[in-house]
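Inspection log for the structure reproduced underneath, given as C-alpha cells.
Residue numbers (mature numbering (1 follows the signal peptide of the UniProt record, and there is no 0)): -19 to -1, 1 to 524.
Okay, here's the thing in C-alpha cells:
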C-alpha cells in the first residue's frame, strides 16, 4: 500500500517538476548565459506558457524537444499583458547582459535581473550623467521607430535617434550615450562629420537597422587603421516620404577611434530590416540571418516581405575601401534543416567568439526560436553551425570562462509606486551551476523517486512475508522480541524533493566578504540538499 501511495504522489507532483513548453513566440528579449538559452516576453497573448523561460545547452533536436524551466518575473512584467505595444516594447529593452551576469531591461528605468540566482534586483543605481532626453525610445518593435543599440566590449552604446518618422530625410543625430557595464557609469561622445568623405557623411534616419561590433583584435589581419574596432550598421528602413519607409541594402561603418562614419560601397544582395548579424572570426565573416524587407507597392502602401536567405559578408584587406576593409557579399540558401521565412524570431549566438578556452574557440553558432511565419508565431528551434556553415540539429555546451574582474552590480531600489523589495546587490560572476542543475533536476527527481518507490515496494513485500511467520522469542528474555522484523515503517520525507518549485535552484556558492568565490565547497554545490535527502533515504531503506 505504501508503494502505491508513493506512485500516486509521484504522478501528482510530476507536472510541477516537468516544466511547460515555451510556446509560440516572437520579438522576445533573447540571450544566453553560462549554457542556458533564455527568452523573456514575446509570447502569444493566448498562450499559457510562462512569460520568462529558459532551457539548457546542449540542445539536441534529433531526440526530443528541449525541456523548459520557468524563470521569475517582477512587478514590471507581471502586468505586461495589459500594456500597449509601445510600453511593452520598451519593457524588454535594452536586453543586454553585463560581465557579472546581470540582465538589464526595463527601458529607461534600467531594471536588473540576477541571472544566476533567478532574482530581480530593481532599478540599477547608475552614476554619471544620464542621457537627456532618455536614450531608449518608447516605441513598439513594429512601429517606424529608429533605435541603434550595440554592445562594445564591456559597454552599451546607444546612438541618439528619432521616435517618429517626422521630419523625414533628416540626418541622424550625432550624440552617443555609453553605459559601462562593469562600473555602471554613463558617459557620452559625439559622432564627427567626415568632411573628407563624399556625401552623405552621416547615416540618414533609419528604422530598425542592425548593429554589430567587431574588435580591433579580430580585424588585425585585415586592417591596422581601425585601432579601436568598428561598428557595422546593416540594412534598416529609410524614409521615402512623410509616412512611408522602405528597406535599404546599405552597409555603414562607424570607426570608434576617430568617431567617423563611412558608407561602404558594397551593398547587401537584398534590402533587409530587423535582421540578426553574427561575426565568425576564423573566417573573417559576418553572417546575416534575415528578418524581412519592406517594399513600397505602387507608391501607395508598404508591404512586408519575409526572407530566409542568409547573406555572407566576407571581410578582406583592401586599401581602396573605407578603413582598408573590403567586403564581398554573397548568399547562402537551402540546406537541410533550414527554416522557412520568419520575421522577428528570437535569435541569439551560442558561444563566445572572443573568449578562447583550452587552445581553441568552442562551438560557434546561433540559435533561432519561433518567429512570425506570415500567419502566426511558431514554436520551433533551429540551429546554425558557423564553423561548418550549415544548419544543424545540435548545439553543444561551451566552457564557462570566469572573468578576471569580480565586480558587482550597484545597489538597487524598486519604484515606490509598485510592490518593493529591499535594495540588494547582484551576485558576482560565478559558474552558473544552479540553473544547469535546475534544468535537469526534474528528470533526476523522477529517476530517484522511481527507484525509491521500487525499494519501498520490495521492502514492504518482504516485511509482509516475514510478518506472517511466528515471532522469534529471544532465548535470553521472556518479553523481548526480535525487533529486526517488527520496527514500524517510517517512510522518508519527500517534502523537499516533491515540493512544486519553479525553477529548482541551489543556493549560491559561499563567498568571502570581498566577493571572491570560495572554491573549497564547489564539489558539494553540484549536489543539492534534495538529492542528498533522497540518497540518505535510499541508504536507510537498504539497511
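Here a beta-carbon is modelled for each residue, glycine too, at the ideal position from N, C-alpha and C.
Margin query: Excluding the 5 residues flanking residue 112 on each side, which residues of the same chain have their C-beta closer than 6 Å to its C-beta?
Written below: Taking the chain shown and counting its residues from 1, one reaches residue 112 at position 131. Cβ neighbours of residue 112 beyond the five flanking positions: 158.
Note to self: Do residue 136 and residue 161 have their beta-carbon atoms positioned less than 8 Å apart in this structure?
What the structure shows: One-based indexing of the chain shown puts residue 161 at position 180. One-based indexing of the chain shown puts residue 136 at position 155. Taking 8 Å as the Cβ cut-off, residue 161 and residue 136 qualify as a contacting pair.
Margin query: Measuring only the C-alpha atoms, how far is residue 329 from residue 269?
Written below: In the chain shown, the residue the question calls residue 329 occupies position 348. In the chain shown, the residue the question calls residue 269 occupies position 288. The alpha-carbon atoms of residue 329 and residue 269 are separated by roughly 12 Å.
Check: Roughly how many angstroms separate the alpha carbons of residue 70 and residue 322, rounded to a whole number?
Finding: Indexing the chain shown from 1 puts residue 70 at position 89. Indexing the chain shown from 1 puts residue 322 at position 341. Distance between the alpha carbons of residue 70 and residue 322 is about 23 Å.
Notebook entry, point to check: Skipping 5 residues on each side, what residues in its chain have a beta carbon closer than 7 Å to that of residue 316?
Noted result: Within the chain shown, numbered from 1, the residue matching residue 316 stands at position 335. For residue 316, where only same-chain residues beyond five positions count, the Cβ hits under 7 Å are 371 and 372.
Item checked: Nearest-angstrom Cα separation, counted from residue 5 out to residue 355 -> If you number the chain shown from 1, residue 355 lands on position 374. If you number the chain shown from 1, residue 5 lands on position 24. Their Cα atoms are separated by approximately 13 Å.
Next item on the list: Look up residue 346 in the DSSP assignment and say whether it is helix, strand or coil.
Entry: Your numbering for residue 346 matches position 365 in the chain shown. The answer is strand: DSSP assigns residue 346 an E or B state.
Check: The alpha helix (DSSP H) spanning residue 59 covers which residue range?
Finding: As a working note, residue 59 is residue 78 in the chain shown. Looking at the DSSP string, the run of the alpha helix (DSSP H) that includes residue 59 is 56 to 59.
Notebook entry, point to check: What span of residues does the alpha helix (DSSP H) with residue 72 cover, start to end?
Noted result: Walking along the chain shown from the start, residue 72 turns up at place 91. It spans 66 to 72 - the alpha helix (DSSP H) in which residue 72 sits, taken as one unbroken run.
Checklist line | residue 362 - partner residues in DSSP beta bridges | finding: As a first step, residue 362 must be located in the chain shown, where it is residue number 381. Residue 362 pairs with 350.
Next item on the list: Using the DSSP secondary-structure output, state which residues sit across from residue 330 in a beta bridge.
Entry: The sequence position of residue 330 within the chain shown is 349, counting from 1. Answer is 347, bridged to residue 330.
Notebook entry, point to check: Contact between the segment 8 to 19 and the segment 37 to 46: three or more CB pairs below 8 Å?
Noted result: yes
Checklist line | Residue span of the beta strand (DSSP E) that contains residue 220, given as start and end | finding: In the chain shown, residue 220 corresponds to position 239, counting from 1. Start and end: 218 to 220.
Check: If we call anything under 8 Å between Cβ atoms a contact, is residue 258 one with residue 267?
Finding: Mapped onto the chain shown, residue 258 falls at position 277. Mapped onto the chain shown, residue 267 falls at position 286. Contact: yes.
Checklist line | Rounded straight-line distance, which links the Cα of residue 229 to that of residue 307 | finding: Here the question's residue 307 lines up with position 326 in the chain shown. Here the question's residue 229 lines up with position 248 in the chain shown. Those two C-alpha atoms are separated by around 20 Å.
Checklist line | Minimum length 3: unbroken beta strand (DSSP E) runs contained in the segment 230 to 261 | finding: 232 to 236, 241 to 244 and 257 to 261
Note to self: Once DSSP output is grouped into helix, strand and coil, what is the label at residue 264?
What the structure shows: Numbered from 1 along the chain shown, position 283 holds the residue referred to as residue 264. Helix, per DSSP.
Notebook entry, point to check: Is residue 528 buried or exposed, if buried means 16 or more other CB atoms sit within 10 Å of its CB?
Noted result: Not covered by the structure: residue 528. The range shown for the chain is -19 to 524.
Next item on the list: State the DSSP-derived secondary structure class of residue 62, mapped to helix, strand or coil.
Entry: Against the chain shown, residue 62 aligns to sequence position 81. Here residue 62 sits in helix by DSSP.
Margin query: Whole angstroms are fine: how far does the CA of residue 271 sit from the CA of residue 349?
Written below: Start at 1 with the first residue of the chain shown, and residue 349 comes out as number 368. Start at 1 with the first residue of the chain shown, and residue 271 comes out as number 290. Approximately 11 Å between the Cα atoms of the pair.
Check: Secondary structure at residue 103, three-state DSSP: helix, strand or coil?
Finding: Taking the first residue of the chain shown as 1, we reach residue 103 at position 122. Residue state, collapsed to three classes: strand.
Margin query: As a quick exercise: from 217, 118 and 347, pick the residue whose alpha carbon is nearest that of residue 362.
Written below: For the purposes of this step, residue 362 is taken as residue 381 along the chain shown, with counting starting at 1. Ranking the options by Cα distance to residue 362, first place goes to 347.
Note to self: Checking 8 Å against the spacing of the C-beta atoms, do residue 214 and residue 129 come in under that value?
What the structure shows: Reading the chain shown from its first residue, position 233 is the one you call residue 214. Reading the chain shown from its first residue, position 148 is the one you call residue 129. Yes, they are a contact pair.
Check: Apart from the five residues on each side of it in sequence, which residues of its chain come closer than 6 Å, Cβ to Cβ, to residue 232?
Finding: The count along the chain shown starts at 1 and reaches residue 232 at position 251. Within the same chain, residue 232 has close Cβ partners 215, 245 and 247.
Checklist line | For residue 156: DSSP bridge partner residues | finding: In the chain shown, counting from the first residue as 1, residue 156 sits at position 175. Answer is 171.
Next item on the list: Given a cut-off of 8 Å, decide if residue 319 and residue 250 are closer than it, judged by their beta-carbon atoms.
Entry: In the chain shown, the residue the question calls residue 250 occupies position 269. In the chain shown, the residue the question calls residue 319 occupies position 338. Cβ atoms of residue 250 and residue 319: not closer than 8 Å.
Notebook entry, point to check: Taking the alpha-carbon positions, what's the residue 300 to residue 24 distance?
Noted result: Your numbering for residue 300 matches position 319 in the chain shown. Your numbering for residue 24 matches position 43 in the chain shown. Going from the Cα of residue 300 to the Cα of residue 24 covers about 47 Å.
Next item on the list: Using beta-carbon positions only, say whether residue 107 and residue 167 come within less than 8 Å of one another.
Entry: For this step, residue 107 is matched to residue 126 along the chain shown. For this step, residue 167 is matched to residue 186 along the chain shown. In contact: residue 107 and residue 167 (Cβ atoms closer than 8 Å).
Check: Alpha carbon to alpha carbon, what distance is there between residue 200 and residue 236?
Finding: Stepping through the chain shown from its first residue, residue 236 is reached at position 255. Stepping through the chain shown from its first residue, residue 200 is reached at position 219. Answer to the nearest angstrom: the Cα atoms are 12 Å apart.
Check: What do you get for residue 85, buried or exposed, if any count of 16 or more other CB atoms within 10 angstroms of its CB means buried?
Finding: Within the chain shown, numbered from 1, the residue matching residue 85 stands at position 104. Classification for residue 85: buried.
Check: Taking Cβ to Cβ, would you say residue 97 is nearer than 8 Å to residue 82?
Finding: In the chain shown, counting from the first residue as 1, residue 97 sits at position 116. In the chain shown, counting from the first residue as 1, residue 82 sits at position 101. Yes, the Cβ-Cβ distance between residue 97 and residue 82 is below 8 Å.
Check: Does DSSP put residue -4 in a helix, a strand or coil?
Finding: Sequence index remark: in the chain shown, residue -4 carries index 16 (1-based). Reliability fails at residue -4, whose pLDDT of 37 lies under 50, so the model's placement of it is uncertain and the value that follows must be treated cautiously. In the structure shown, residue -4 sits in a helix (DSSP, three-state: H, G or I).
Check: What is the rounded straight-line gap between the Cα of residue 217 and the Cα of residue 227?
Finding: If you number the chain shown from 1, residue 217 lands on position 236. If you number the chain shown from 1, residue 227 lands on position 246. Cα-Cα distance, rounded: 8 Å.
Margin query: Going by the DSSP bridge assignment, what does residue 355 pair with across the sheet?
Written below: Here residue 355 refers to the residue found at position 374 of the chain shown. Paired residues: none, contrary to the question.
Item checked: Euclidean distance between Cα positions of residue 210 and residue 194 -> For this step, residue 210 is matched to residue 229 along the chain shown. For this step, residue 194 is matched to residue 213 along the chain shown. Distance between the alpha carbons of residue 210 and residue 194 is about 7 Å.
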